[in-house]
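Trainee: Going left to right, the sequence shown walks through residues -22 to -1, 1 to 514 as mature numbering (1 follows the signal peptide of the UniProt record, and there is no 0) numbers them.
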Amino acid sequence: MAHYLFLSLLFLICTSFISTAGLPELLRFGGVEGSLSLDPTDLNSVSVDFGGTARTEPAAVLRPASADDVSSLVLASYRSLNAFAVSARGHGHSINGQAGARDGVVVAMSHHHRHGAQSPSHAKSKPAYSLERNGYYVDAWGGELWVDVLNWTLANGGLAPRSWTDYLYLSVGGTLSNAGISGQAFHHGPQISNVYELDVVTGKGELVTCSDEKNPELFHGVLGGLGQFGIITRARIALEPAPKRVRWIRVLYSNFTAFTKDQEHLISLGNSSPSLPRFDYVEGFVIVDEGLINNWRSSFFSPSNPVKISSISTDGGVLYCLEVTKNYDDTTKDSLDQEVDALLEELDFIPASVFTTDMPYVDFLDRVHRAETKLRAKGLWEVPHPWLNLFVPASRVVDFDRGVFKGILGNKTSGPILIYPMNKHKWDERSSVVTPDEEVFYLVAFLRTAVPGSTEPTQSLEYLTRQNERILDYCRDTGIEIKQYLPNHATRSDWERHFGDGWGRFLRRKAEFDPKHILGTGQGIFQPLSSPSFAL
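#1: Tell me whether H403 is buried or exposed, calling it buried when 16 or more other Cβ atoms sit within 10 Å of its Cβ.
#2: DSSP has W142 in a bridge; who is on the other side?
#3: Nearest-angstrom Cα distance between L146 and N367?
#4: Do you know how far the Cα of D190 is from the Cα of H198?
#5: Could you compute how far the alpha carbon of I170 sits from the alpha carbon of A216?
#6: Leaving aside the five residues before and after residue 534 along the sequence, list all residues of the same chain whose C-beta is less than 6 angstroms from its C-beta, in chain order.
#7: How big is the Cα-Cα spacing for W405 and D46?
#8: State the start and end residues of the unbroken beta strand (DSSP E) segment that holds P219.
#9: Please work out which residues of its chain come closer than 8 angstroms, Cβ to Cβ, to W124, disregarding the five sequence neighbours upstream and downstream, and give them in chain order.
#10: Of the choices L176, A372, C188, P219, whose alpha-carbon is the least far from that of L132?
#11: What three-state label does DSSP hand N156 in the structure shown?
#12: Nearest CA to the CA of L59: which residue from Y114, V26, F504, I496?
#13: Pick from W473, L230, V375: whose alpha carbon is nearest that of M400?
#14: From K352 to K494, what does the alpha carbon distance come to, in whole angstroms?
#15: Determine which residues share a DSSP beta bridge with M400 and list them.
#16: By Cβ distance, which residues of its chain are closer than 6 angstroms to I503, with the 5 residues on each side in sequence left out?
#17: Taking C-beta to C-beta, are L300 and G262 nearer than 7 angstroms?
#18: State the DSSP-derived secondary structure class of V412, mapped to helix, strand or coil.
#19: Below 7 angstroms CB to CB, which residues in the same chain sit around G12 once its five sequence neighbours on both sides are set aside?
#20: The alpha helix (DSSP H) that contains residue 543, what's its start and end?
#21: Let me check one thing: in DSSP terms, what residues is I227 bridge-paired to?
#22: Please state if the CB of V346 and the CB of I449 are separated by a distance shorter than 7 angstroms.
#23: Bridge partners of V64, per DSSP?
#24: In its own chain, which residues sit with a C-beta less than 7 angstroms from the C-beta of I73, not counting the 5 before and 5 after it?
#25: When DSSP builds the beta bridges, which residues end up paired with I265?
#26: What do you reckon, are the CB atoms on D258 and K222 nearer than 7 angstroms?
#27: Check this for me: beta carbons of Y174 and R212, under 7 angstroms apart or not?
#28: Rounded C-beta distance between L196 and F491? I'm assuming under 8 angstroms.
#29: Might you give, ordered along the chain, the residues of its own chain that have their beta carbon closer than 6 angstroms to the beta carbon of G393, omitting 5 neighbours on each side?
#30: Alpha carbon to alpha carbon, how far is G478 from I460?
#31: Restricting to Cα atoms, I'd like to know which of D326, T436, W226 is closest to G388.
#32: Skipping 5 residues on each side, what residues in its chain have a beta carbon closer than 7 angstroms to that of E350?
#33: Going by Cα to Cα distance, which pick from R487, G181, R470, G161 is closest to I397?
#34: Got a sec, what are the start and stop residues for the alpha helix (DSSP H) E490 sits in?
#35: Tell me which residue opens and which closes the beta strand (DSSP E) that F369 is part of.
#36: Check whether the Cβ atoms of Q241 and K488 lie closer than 7 angstroms to each other.
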């Protein structure tokens, strides 16, 4: 009865012009477990995301108490003569307004109370869907932050998810709607390859449980689907016993070919035999200026271990850092040194550039949050972030290095540049994610920060935005078949090129699961098929 009243209220909102002043009284009797707000402060809080380059103001913000609240909201839009946009927002870490819903409703998923029915359930033995999937899982609300999932599973059985992003303060539903990648993806695949089951609210307002066996088209469509086919309200996440500690190692290269050869060698270990020794995490980054190397050193090394670019012969003024880890605990620490030394002996890095530290596993996973704390203290966190994330095919990564790292960038970056390879066979091609058509491809992530008021022209938003455009133009002009991760395209034809042969499947899924184009309008792929009368 309560949800019926809430649904009736939403129909009234959608089809009538109700004064803002009168709406709170109506909501008070609506029976909704959560809250629907038109408060300007609430609207403003969801109008700008981490990217800080786009502003999209909704008409209302829903803070759901359950999946039923989300379903009722979407169903109201679907049944209305004038459908309004609905977009799920987790931690707001999108970069181009993708979680916005102009003149619609933003569902603030991460405001959910974690101790309700949708909070992580106790870790338990997973039903055996297939032999290779036996293991443990946890059920998590779609707005749950990964850091909270980690803390809960560690405290309730010493378990942890297998695949991560570098930053843990992201929502479960948010990363699963994109892919969720980090240095473990070469081995475990992205986060979307480590999910057993989902509860999803489709664009028709239906709350559907789906998996590889049950409603598989919706399951695979939603994973990496950019929020276009449904809002994830629950995810069943694969777990494994968590290691206690991590050995974290960084080595330097001046030769890009040697750097990428070693990276590709490391991610190939274990492909033929899972029992072969390997690192548990493989990433890397590019160093093109002295300021970044100093920052890199100060965040990892003691002052007694300085790294001077001037003392290292570089190829085109650029250095490359390989970053790896080896997990261990009390039962494996005795063999740790031997295994790490054997793996490093196979690599061709600059002699005497090995830097090592040991730390708790949780501290390593949460390393970016410590940097966030420092940046917030300096007022450098809530500033524009014109990020550009690309998947580059391995066959053209040397050309990319020559034209971008040694060409377009010059000697200033205004932020980290990550680069690391992944194995395509660890990705399920039934998902909606688009990757290059090669077995090995690289993530290249330009994680730059624009500093308002800076006197340095290379730190301005305009300069960095133009540089991103030059990088994309270079790839197009030289025929490097990149794909954007966390994609942002301006036109329908650009989206068609992005999805390539998968565009037809994407359209079919949209027609089946969100025929009125209600969901994910902030991505700019589709807009509601009718103009909303949600002006309040």
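C-beta: ideal position from N, C-alpha, C; glycine also.
Mentor: In short:
#1: Start at 1 with the first residue of the sequence shown, and residue 403 comes out as number 425. By the 10 Å Cβ count, H403 comes out exposed.
#2: For the purposes of this step, residue 142 is identified with residue 164 of the sequence shown, where counting begins at 1. DSSP, once it has assigned bridges, lists no residue as partnering W142.
#3: Numbered from its first residue, the sequence shown carries residue 146 at position 168. Numbered from its first residue, the sequence shown carries residue 367 at position 389. Between L146 and N367, the C-alpha separation is close to 18 angstroms.
#4: Residue numbering aside, residue 198 sits at position 220 when the sequence shown is read from its first letter. Residue numbering aside, residue 190 sits at position 212 when the sequence shown is read from its first letter. Each residue's alpha carbon lies about 8 angstroms from the other.
#5: Along the sequence shown, read from residue 1 onward, the residue named residue 170 stands at position 192. Along the sequence shown, read from residue 1 onward, the residue named residue 216 stands at position 238. The alpha-carbon atoms of I170 and A216 are separated by roughly 10 angstroms.
#6: What the structure shows of the chain is the stretch from -22 to 514, and residue 534 is not part of that stretch, so it cannot be assessed.
#7: Working through the sequence shown from its first residue, we reach residue 405 at position 427. Working through the sequence shown from its first residue, we reach residue 46 at position 68. Each residue's Cα considered, the two are about 31 angstroms apart.
#8: For the purposes of this step, residue 219 is taken as the residue at position 241 of the sequence shown. That run of the beta strand (DSSP E) goes 208 to 219.
#9: By one-based count along the sequence shown, residue 124 stands at place 146. So the qualifying residues of the chain are P139, W142, T143, L146, Y147, L148, S149, V150, T153.
#10: For the purposes of this step, residue 132 is identified with residue 154 of the sequence shown, where counting begins at 1. Nearest option by C-alpha distance: P219.
#11: Position 178 of the sequence shown, counting from 1, holds the residue named residue 156. In the structure shown, N156 sits in coil (DSSP, three-state: anything other than H, G, I, E or B).
#12: Working through the sequence shown from its first residue, we reach residue 59 at position 81. Measuring from the Cα of L59, the nearest candidate turns out to be I496.
#13: One-based indexing of the sequence shown puts residue 400 at position 422. Comparing Cα positions, the closest option is V375.
#14: As a first step, residue 352 is located in the sequence shown; it is residue number 374 there, counting from the start. As a first step, residue 494 is located in the sequence shown; it is residue number 516 there, counting from the start. The alpha-carbon atoms of K352 and K494 are separated by roughly 44 angstroms.
#15: As a position in the sequence shown, residue 400 is number 422, starting the count at 1. Answer is F419, bridged to M400.
#16: Taking the first residue of the sequence shown as position 1, residue 503 is located at position 525. Only W473 meet the Cβ criterion.
#17: Taking the sequence shown and counting its residues from 1, the one referred to as residue 300 is at position 322. Taking the sequence shown and counting its residues from 1, the one referred to as residue 262 is at position 284. In contact: L300 and G262 (Cβ atoms closer than 7 angstroms).
#18: Residue mapping note: residue 412 aligns to position 434 of the sequence shown, counting from 1. Correct three-state label for V412: coil.
#19: Against the sequence shown, residue 12 aligns to sequence position 34. So the qualifying residues of the chain are L40, R41, P42, A43, D47.
#20: Nothing about residue 543 can be read from this structure; the chain reaches only from -22 to 514.
#21: For the purposes of this step, residue 227 is identified with residue 249 of the sequence shown, where counting begins at 1. Beta-bridge pairing links I227 to V302, T334.
#22: Sequence index remark: in the sequence shown, residue 449 carries index 471 (1-based). Sequence index remark: in the sequence shown, residue 346 carries index 368 (1-based). Taking 7 angstroms as the Cβ cut-off, I449 and V346 do not qualify as a contacting pair.
#23: For this step, residue 64 is matched to residue 86 along the sequence shown. According to DSSP, which records beta bridges pairwise, V64 is partnered with V83, L497.
#24: Taking the first residue of the sequence shown as 1, we reach residue 73 at position 95. Result list for I73: D27, F28, G29, H363, W365, L464, in chain order.
#25: Looking up residue 265 in the sequence shown gives position 287. L297, per the DSSP bridge assignment.
#26: Numbered from its first residue, the sequence shown carries residue 258 at position 280. Numbered from its first residue, the sequence shown carries residue 222 at position 244. No, the Cβ-Cβ distance between D258 and K222 is not below 7 angstroms.
#27: Taking the sequence shown and counting its residues from 1, the one referred to as residue 174 is at position 196. Taking the sequence shown and counting its residues from 1, the one referred to as residue 212 is at position 234. Their beta carbons are not under 7 angstroms apart, which means Y174 does not touch R212 by this criterion.
#28: Walking along the sequence shown from the start, residue 196 turns up at place 218. Walking along the sequence shown from the start, residue 491 turns up at place 513. The pair is a contact, with the Cβ atoms about 6 angstroms apart (cut-off 8 angstroms).
#29: Residue numbering aside, residue 393 sits at position 415 when the sequence shown is read from its first letter. Same-chain partners within the cutoff: L425, R426, T427.
#30: Here the question's residue 478 lines up with position 500 in the sequence shown. Here the question's residue 460 lines up with position 482 in the sequence shown. Each residue's alpha carbon lies about 12 angstroms from the other.
#31: As a first step, residue 388 is located in the sequence shown; it is residue number 410 there, counting from the start. The shortest C-alpha separation from G388 is found at T436.
#32: Taking the sequence shown and counting its residues from 1, the one referred to as residue 350 is at position 372. The answer, listed in chain order, is W359.
#33: Here residue 397 corresponds to residue number 419 of the sequence shown, with the count starting at 1. Checked all of R487, G181, R470, G161; the closest Cα to I397 is G161.
#34: One-based indexing of the sequence shown puts residue 490 at position 512. 481 to 491 is the span of the alpha helix (DSSP H), which, as asked, contains E490.
#35: Taking the sequence shown and counting its residues from 1, the one referred to as residue 369 is at position 391. Run containing F369: 366 to 371, per the beta strand (DSSP E) assignment.
#36: In the sequence shown, the residue the question calls residue 241 occupies position 263. In the sequence shown, the residue the question calls residue 488 occupies position 510. The answer is no: Cβ separation not under 7 angstroms.
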